[in-house]
Structure formats: structure tokens, C-alpha cells
Amino acid sequence: MSRVSAAWTQVRTAARRHLPAERLRASAGRLPAGLLRRLRPHYPRPGVDGRRRWIPSWRQSLCGFLLVVGLLTGAVTIAYSQTDIPEDLNSFATQQDNVFYWSDGSKMSRTGWVSRQDMPLEKVPEDVRWAVLAAENAGFYDDPGISISGMTRALTRMVGGGDTQGGSTITQQYVKNVYLSQNQTMSRKFTEMLLALKVDEKFSKDEILEGYLNTSWFGRGTYGIQRAAQAYYGKEATDLNASEGAFLASLLKGAGQYDPALGPKNHERAVARWAWTLDRMVEIGKLSPAERATYKNFPEPTQATGGRTDLSGQRGYLVELAKAYVTGKGKISEAEFDRGGYQIYTTFDKKKTEALEAAVRKARKKLSPKDRKSDTYVKTGATTVGPDGRIIAVYGGPGFLKQGFNESNAVTVPAGSAFTPFVYAAALNDGIARDRSGVRYPVTPYSTYNGQNKASVMTPEGPYWDRNGKIVRAKNDGGLSWGENVTLRQAMVHSVNGPFLQLGMDVGLDRVRRHALQAGLLPSSLGSQVPAFALGNSTPSAIRMASAYGTFAAGGRHTDPYSVLKVTRNGERLPLPEVRTRRVYGADVAREVTESLRAVVEEGTGQAARSTGLVPAGKTGTTPDNRAAWFIGSAGEETTAVVLYRMDLRKLALMPLDGTAGTAGDELGNPLPADIWRDYSERFTLR
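In terms of the UniProt record's numbering, the sequence shown opens at residue 1 and continues consecutively.
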């Protein structure tokens, strides 16, 4: 080993052992004098006169350049090794919106702060993908995630006082979208470059392109190619062609400059960029000249944004019902649902929902809160349910944005005498027991009961006493007495309370309860099992009442109400519970109840629902304290329930309907529910 090598070895060893500086200098002092002179920088240059002595020689310049390159390379290498791909994406990069559709497939509404939904890359047409690549990064599949020439241009702009935009590959733009802020700084640009290299190494090119297409801003409040396709062309991304894709690609340069809806200059720029992109596709071999020739005219986008959140009017109520069904029945938590990406295809019929709202608004014109105190706080809920359980139309209130409380789904309003068909059906199905022997006797529509006002309610042991020690007596509407031998059909037609109060006791309130549950009422809405149970101390919603009455219209078969036909997430269908129909009543029982309900409209308390051409079967509903008025009926296969009540939502307390809409102060019920039902049903039942 030479003396020089031995000396350098000694220096390195001492340095590694953290020797004091004095010993290092002593070790260096033993080096040959000629070597030390060569190692010294010799600057300013010796032997050179004037200003030239301050100008580095080519050797010094080369050494300086190599030193800078080495230091930069080392710094970048260290930074690269210490850079990790973040586990958490930007919130908007994962946030999507949910889209709700009417039963005919047209868009009803969307929810979510971000208008974005993922679209798998394989579902984006190849021509559209290459339109984006041609416009933004034609060499995407060959680059390492960054572009040296592009970065140089960006650095040149920055050094020259410009911003750092431009020069980014699609990988870099994707990194900026999902991991970084949009701040244009040198440090952010440097981090972007390192992350782009990492991302390119970890993910496939197709994965990066898919992420880029799903997170890029396209204007009109939209992120991602799917929402852009809907916002600008009213179609799915899967249906775009190369020409439309070329226009959407131009928006990536800045939607504020290329959206034609924002002015003539924008339109001019958009057309130029569109044509350039198509020509660029031909240049890189991704579009044939013949195909290019077919795209002569600029594909004008629509003026509508298509990305608006709309919960106004009845839509908000419908959205809430559908969401509740999906999160309650579809094994999707509310947190998952709120992250978005779902397409919810509902059962709601747009035209019938609008018609139901129109019928309610027409009837409510009879209310005058300024003139009558009894017209204040009047609520109206209405629902149409199909024979297979589909919720077809809903009126939930004056508008979701005005009042979030859904009046059709209220479970604080007593059913009153609208509950009696379930008592009647239970009796026809199970018969009655007159004593404790266990023997049950059949009941027919012509079985007679005491219809006198204030008739005592009897048990096998004698009169029924309440908790206050008083005999429970039936109170008929208006205090009318109908004689001691009123048939059950007559009692149904004229809404005579006494017979049904006693019938409930004879059937057994537990059996009546079971039949009500089987018909579709919820356990939580059923009242206490006292004699008043038979006269509707339960508080079912209009939705549930329509569904339960629909059991009679469907021949005794019941399907629980549902509001969603199917749910998909980014194109993949998600499981929903199977819709099952079960037999609740025999066909003969359902037929008899339906015939009795038809007679209610033809000659009884429901005559306000009569209309030329309609053959309705329905029932009015009143309560002893006049705090609710109902009409539930069918005119064909569908069943509609309408309820009217007064409630101050701040107190959630029911108030009497006495005098509402100009009715007599002592008149039970109200004609408005039947009016609404008739006006609405005439629109679709009459042919």
C-alpha cells in the first residue's frame, strides 16, 4: 500500500471513530506536501493576472458542476427513500354523491357535497381514454411517471417569475388530485414529482389512469368522467364517443375557459381544442383519418348542469324514504351510504307524485289560517302503494327544504275508525268467542250487534270496567243510535262505533292485533289492548295504512311496502332483501271487506269520494276527540291513504280539527281527505 493510500485510510478511520479535530489535522499533516497542494482548491487562480484569476478554470468548473450534481442526486435519493405514498386520500377524492332515479329510470335527485362517481376504466370507451391521453399525456404508458422536459419547462417558468403549472404527466396530475393540495409552490411540485415516481412504481398504468379520470375536475360542479358525461351530455360515460371525449378532455385545461356555456370566447377555445385533440389522436395512431373525417361538427354540450342537488318539493321526502330503506334493508350502514357512489332506483312514479301534490294543494286552498285559527298547523300526508308493495307516490308536506318532517310517515296520528276493517277481517277470519269455553262461532256480514249510542261493552263476565271504575260505553259519531240489531256491514258502511267496539272484544284484542300486524301495520304503532284498540287508538303512518288496506285490494295477500327497486354502486348491483308476498286473509274474507268498503263510498260515510267512472272501495276515519280525519281507498289495484290533522311541530301535540276548512265546530272528521283522494284518483284511474 502506498503512503498516500495508507494516510487516507488513517484519516477515514479516525473520522469514523469521531477523533478530535486536532488528531485529524495531525494525521493530515503527515501527508506528502505535494499531495496537499494538489488537494487545495487554489482559488483565486495563482499565476494568473487581473480579472482572469477570479474566473474558474475548466477543471474547476467541471469539478464544481459534478459536485452540485452529486449533492443534488444525493439529496433527491435521500428524499425519494424517505417519501411514502400517503394512506389517506384527499376527502373529495374518495367522496362521491348518490343519485336517485324515478321508477321510469329518469334522474330524480342527487345527494352529497361532491358531484362525483367512480367509473371502472374498462367501462370508459377506449376512444375516450385516448382522447384524454392525446390531449394531456400521449406518452403516458411509456413514461416513468414524470416528464423531465416538462419539469424543465415548469422550472424555467418558475425561475422566470411565472407559476409552476404545466409540465405535469397524468401521473403527476393524479398525485396532485388525490394526495396533495392545489397550491402552486416549488416544494409542492418537488413532492409531486417524488410521489409520481413512487405511484408509477406501485400501481399499474391502467390503475393510475382510472384514478385520474375519476378524480379530475371537469367544471359544472363535477369531478370525474362519469359526472362530466352526465353534466355536459346527459348520458353515461359508457356511451360517449371520441368526439365527445375530445371535448371533455379540453375541460382538463380549465373548465372556466373551455365550457361553451360560459360565453362565445369559451366556445371558440373549446372548438379549437376539440379539433386539435382529434387531430392529435390521428397523429399518435389512435384514430384513423376516416374516423376523424366523421367528426366534422363540434359536439355541442347541453346547457343544463345535470349535477345539481335537488331536494326541493317532494323530492327530499322521497330521497329520505329511499335512503332509510337502503340503509335499513340493504345492509349498508349510513356511514357507508354517506361516502357515496350509489345509484338508487326507486319505486316512485314522477307523474303520480306530481298529481298527488297537485290534488293536496288544490284541497288546501280551502284553508285560510289568516281568517280561521282552526286552519293553522294543518298537516296533510298522503301515499299511494301498489298491490306488490311498491310505494308509488308520496305527499310529505309543503316541501322538504321548508319542512323536513314527513307528514305521510308520521306515527303520532290515531287511525280512529279507519282501523275497523282490520277488526272486521279478523272476525270474518277467526270468528268470535261468546264465553270462556274456547268455542268460536263464525261471523258473517249479516251478524247483528247493538248499535245504540252509549251501549255497554260486554265481556263473558259482564260489563267491561275501566281503571277508573267506570263501565266502558260505545259512543257513536254524532251521538246517533242505530238500533239494537245493526249488521256488521251496515256498521261498516255508516261507521257505527258500538258494534266494532264490541266485536273487537268478542274476537279477542290479541287476535285483532295479530291480524293488524299481518296486514302490515308496525308493532311500534299499535296502541294498548283496551276496548278502544278496536276503534283505532293505534297511530300508523299513511304509508302503512295504504299498504295494509292494499292487502284487501290484493285479494288477501300482503307485501311489505318498499321504495327501492335496485341499488348499484359504480355499476355493480348490490343485494337487497327479496320482496316476499304472503297470504294474510282468505280470498273470500278480502272480497267481503272490499265489498263493504265499496258500499261505504256508494251509500255511506265515504260518498265524498264518489266519481263518475270510479268504482272505489274505501273508508273514512274519525277519532272521538276529532284530532284526525282519514280516507283510505282503492280504485283499481293501487291504494291511496290520505290523512289530515293539526299539529304544532314545535310541541308535537295534536289539536282538534273542529271548524277546519270551514266545517261545523261539532262535526267529526273532515271532507278534505276524500276530496284529495277523489281528485288524485280521477287523473289516472279514468281512461
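Beta carbons: idealized from backbone N, C-alpha and C, even for Gly.
What you are looking at is a predicted structure, and each value in this text was computed from that prediction instead of being measured.
- Taking 8 Å as the cut-off, the Cβ atoms of residue 521 and residue 548 count as close.
- By the Cβ test, the region 567–584 is in contact with the region 315–335, since at least three Cβ pairs between them sit closer than 8 Å.
- Relative to the Cα of residue 178, the nearest Cα in the group 211, 660, 284 and 245 belongs to 211.
- Using a Cβ distance threshold of 8 Å, residue 325 and residue 569 do not count as a contacting pair.
- Contact between residue 223 and residue 115 holds, with the beta-carbon distance rounding to 7 Å and staying under 8 Å.
- Around the CB of residue 200, 16 or more other CB atoms lie within 10 Å, so the residue is classed as buried.
- For residue 619, the secondary structure class from DSSP, reduced to helix, strand or coil, is strand.
- Judged by beta-carbon spacing, residue 415 lies beyond the 8 Å limit of residue 515, meaning their Cβ atoms are not closer than that value.
- The C-beta distance from residue 482 to residue 451 rounds to 3 Å, short enough to meet the 8 Å contact threshold.
- Looking at the DSSP output, residue 379 sits in a beta bridge with 645.
- Inter-residue distance for residue 219 and residue 109 is about 19 Å (C-alpha atoms, whole angstroms).
- In the DSSP assignment, no residue is bridged to residue 146.
- The beta-carbon distance between residue 249 and residue 126, rounded to whole angstroms, is 14 Å. This is too long to meet the 8 Å contact definition.
- DSSP places residue 325 in the helix class (H, G or I) of the three-state scheme.
- Here residue 670 is buried: its Cβ has 16 or more other Cβ atoms, across all protein chains shown, within 10 Å.
- Contact check for residue 95 and residue 226: beta-carbon distance about 14 Å, past the 8 Å limit, so the pair fails to qualify.
- Between the region 636–653 and the region 368–377, the count of Cβ pairs shorter than 8 Å is three or higher; the stretches touch.
- About 13 Å separates the beta carbon of residue 404 from that of residue 313, a gap too long to meet the 8 Å contact definition.
- DSSP places residue 567 inside the beta strand (DSSP E), whose first and last residues are 564–569.
- Using a Cβ distance threshold of 8 Å, residue 132 and residue 240 do not count as a contacting pair.
- By the Cβ test, the region 470–479 is in contact with the region 491–509, since at least three Cβ pairs between them sit closer than 8 Å.
- As DSSP reads the structure, residue 574 sits in a beta bridge with 567.
- Annotation note: the region 207–262 contains the following uninterrupted beta strand (DSSP E) runs of length 3 or greater, listed N- to C-terminal: 217–219.
- Counting C-beta atoms within 10 angstroms of its own C-beta, residue 104 has fewer than 16 neighbours from the protein chains shown and is therefore classed as exposed.
- Your pair residue 346 and residue 322 checks out as a contact, with CB atoms roughly 5 Å apart and the cut at 8 Å.
- For residue 654, the three-state secondary structure derived from DSSP is strand.
- Secondary-structure assignment with DSSP links residue 346 through a beta bridge to 564.
- If the five residues before and after residue 238 are omitted, its C-beta is found closer than 6 Å to the C-beta atoms of 123, all from its own chain and listed in chain order.
- Residue 297: not part of any beta strand (DSSP E); DSSP gives it neither H nor E.
- In the same chain as residue 228, and ignoring 5 residues on each side of it, the C-beta atoms closer than 6 Å to its own belong to 218, 222 and 248, in chain order.
- Residue 486 holds the alpha-carbon nearest to the alpha-carbon of residue 445 among 168, 274, 486 and 291.
- The continuous stretches of alpha helix (DSSP H) do not include residue 392, which lies in the beta strand (DSSP E) extending over residues 391–395.
- The beta carbons of residue 609 and residue 618 sit closer together than 8 Å.
- Assigned with DSSP and collapsed to three states, residue 274 falls in helix.
- In this structure, DSSP gives residue 549 a helical state, which the three-state scheme calls helix.
- For residue 615, the number of other beta carbons within 10 angstroms of its own is below 16, and it is reported as exposed.
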